[in-house]
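Protein chains in written order, with the working numbering: chain A, 119 to 263; chain B, 119 to 263.
Backbone N, C-alpha and C define an ideal beta-carbon position, used for all residues, glycine too.
Note sheet for the following structure.
Protein chains: 2
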Amino acid sequence: MAEDVNTAVEVLQKHHLKITKQRRTMLSFLCQRPDHYTDVTSLDAYMRDFYPGMSHATIYRNVKEFEDLGLVEQQVNGDQARIKFQCDFANMHHHHFICRNCGKVTELTMCPMDFFANQLPGAQIEGHRFEMYGLCADCVAAGVE
Amino acid sequence: MAEDVNTAVEVLQKHHLKITKQRRTMLSFLCQRPDHYTDVTSLDAYMRDFYPGMSHATIYRNVKEFEDLGLVEQQVNGDQARIKFQCDFANMHHHHFICRNCGKVTELTMCPMDFFANQLPGAQIEGHRFEMYGLCADCVAAGVE
DNA sequence: TACTTAATAGTAATCGTTACTTTTTAAAAA
DNA sequence: TTTTTAAAAAGTAACGATTACTATTAAGTA
Numbered sequence: 119m120a121e122d123v124n125t126a127v128e129v130l131q132k133h134h135l136k137i138t139k140q141r142r143t144m145l146s147f148l149c150q151r152p153d154h155y156t157d158v159t160s161l162d163a164y165m166r167d168f169y170p171g172m173s174h175a176t177i178y179r180n181v182k183e184f185e186d187l188g189l190v191e192q193q194v195n196g197d198q199a200r201i202k203f204q205c206d207f208a209n210m211h212h213h214h215f216i217c218r219n220c221g222k223v224t225e226l227t228m229c230p231m232d233f234f235a236n237q238l239p240g241a242q243i244e245g246h247r248f249e250m251y252g253l254c255a256d257c258v259a260a261g262v263e
Numbered sequence: 119m120a121e122d123v124n125t126a127v128e129v130l131q132k133h134h135l136k137i138t139k140q141r142r143t144m145l146s147f148l149c150q151r152p153d154h155y156t157d158v159t160s161l162d163a164y165m166r167d168f169y170p171g172m173s174h175a176t177i178y179r180n181v182k183e184f185e186d187l188g189l190v191e192q193q194v195n196g197d198q199a200r201i202k203f204q205c206d207f208a209n210m211h212h213h214h215f216i217c218r219n220c221g222k223v224t225e226l227t228m229c230p231m232d233f234f235a236n237q238l239p240g241a242q243i244e245g246h247r248f249e250m251y252g253l254c255a256d257c258v259a260a261g262v263e
């Protein structure tokens, strides 16, 4: 976990971005749950609790920069944004199953795109999204309804 | 197109909802582009232009009711909601390819779920989302970049 | 036509997010 | 180490989509 933060910090340095204590705190917070999506508003609340008077703009700006660097993955599901730390910077294309109870993320192998491209002759497919929602096996076992 | 509105109106009646001129206008507006997603804010602007002083709340409440009735499909992509008229009330599960230029929607047959369920032993899959983005064949042919 | 209740208007608030300007600070240079 | 400078953060305040709330209006029914 600590080395994950260090790896992320190296990415910042490599792009000539400054290592501030605020950014380090943000990264270590996100690092704590590498397989869960976290509301940006939760991160915002945590940071402003940690650094009273910290600016919203700083937090959202850093989230955006982390995303540009591939350090976090963002997902917008309705009204607010959620992000998760991306441990495996190298890993490529994948999709998620997201537990609605605990937020746990399970990565899925294989991409469904292959089955659909031939249904759109002449079109130029530029992106896609595939996500599954429900309860993870742990929550089902725990009897969550 | 006109009969699509009438069909939708029948659905309203069947559920004992009142047929107001505002609702009729909303439906006919949505009916004009049955295969395109429309920003709710555009609908909002159109309605308030048509009925000056019309309340935002009325528009958003009706959108929600139309959605509950299956008359429109909603899709949230970031900051604002988009909806499209659902002509085929009876048709079941399907997914979309959405042109980023003209907003045209192409329905895809077959659902990728079947290929993934077995990757999540013990989990309870409650929903999923699959969407593809890009340029439709028409826009590609027209030379849109 | 009169009645009943859902629907609308009108106003204002909420809340996540962002713009802007000044001040601070990390990192590089001297 | 000290100085420099460019980037980051603080500290407002605003924006924009959406919603709550209450009084008023109008659709559907007797």
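Chain B contact residues for L189/A, given Cβ-Cβ distances below 9 Å: By Cβ distance, chain B contributes nothing, its closest Cβ being about 20 Å from L189/A, past 9 Å.
Contact between the region 190-203 of chain A and the region 156-169 of chain A (3+ Cβ pairs under 8 Å): yes
Bounding residues of the beta strand (DSSP E) (the contiguous stretch that carries I201/A): 199-203
Chain B contact for Q242/A (CB, 8 Å cutoff): yes
Buried or exposed by the 16-neighbour rule on C-beta atoms within 10 Å, applied to I177/B: It counts as buried.
Bridge partners - E121/B, DSSP secondary structure assignment: DSSP lists no partner for E121/B.
C-alpha distance - V123/B paired with L145/B, whole-angstrom precision: 6 Å
Opening and closing residue of the alpha helix (DSSP H) in which E185/A lies: 174-187
Cutoff 8 Å: T224/B Cβ touching any chain A Cβ: Using beta-carbon distances, T224/B counts as an interface residue toward chain A, with a partner under 8 Å.
Among R151/A, T143/A, D153/A, nearest to D162/A - alpha-carbon criterion: T143/A
Extent of the continuous alpha helix (DSSP H) run through C193/A: Sequence check: residue 193/A is Gln here, not Cys. Run containing Q193/A: none in the alpha helix (DSSP H); it sits in the beta strand (DSSP E), 190-194.
When F248/B, G261/B, E128/B, M172/B are compared against Q242/A, the one with the closest alpha-carbon: G261/B
DSSP state of D157/B mapped onto helix, strand, coil: strand
Residues, ordered as in the chain, of the region 150-175 of chain B that lie near chain A by beta-carbon distance below 7 Å: none
CB contact flag (Q193/B, Y169/B, <8 Å): No, the Cβ-Cβ distance between Q193/B and Y169/B is not below 8 Å.
Min CB distance G261/A to chain B below 8 Å: Taking Cβ atoms only, chain B never reaches closer than 8 Å to G261/A, which makes this a no.
Unbroken alpha helix (DSSP H) run spanning R141/B, endpoints: 139-149
Neighbour flag for F184/B against chain A, beta carbons, 8 Å: no
Under the three-state DSSP convention, the category E128/B falls into: helix
is_contact[Y251/B, chain A] using C-beta, thresh 8 Å: It does: the Cβ of Y251/B has a partner Cβ on chain A nearer than 8 Å.
Cβ-based burial, H134/B [other Cβ within 10 Å; buried from 16]: exposed
Buried or exposed (CB count within 10 angstroms, at least 16 for buried), A126/A: buried
Which of helix, strand or coil DSSP assigns to V111/B: In the structure as shown, chain B starts at 119 and stops at 263, and residue 111/B therefore has no counterpart that could be examined.
Partners in chain B for V258/A, counting only beta-carbon separations shorter than 8 Å: G240, A241, Q242
Of the listed residues V129/B, K136/B, V181/B, Y251/B, nearest to F147/B (C-alpha basis): Here the closest residue by C-alpha is V181/B.
Status (buried if at least 16 other CB within 10 Å, exposed otherwise) for H174/B: exposed
Contact with chain A by A126/B, beta-carbon distance below 8 Å: no
Residue-chain proximity (F215/B, chain A), Cβ-Cβ < 8 Å: With a threshold of 8 Å between beta carbons, F215/B makes contact with chain A.
Test item: CB-CB of E249/A and R247/B under 8 Å: yes
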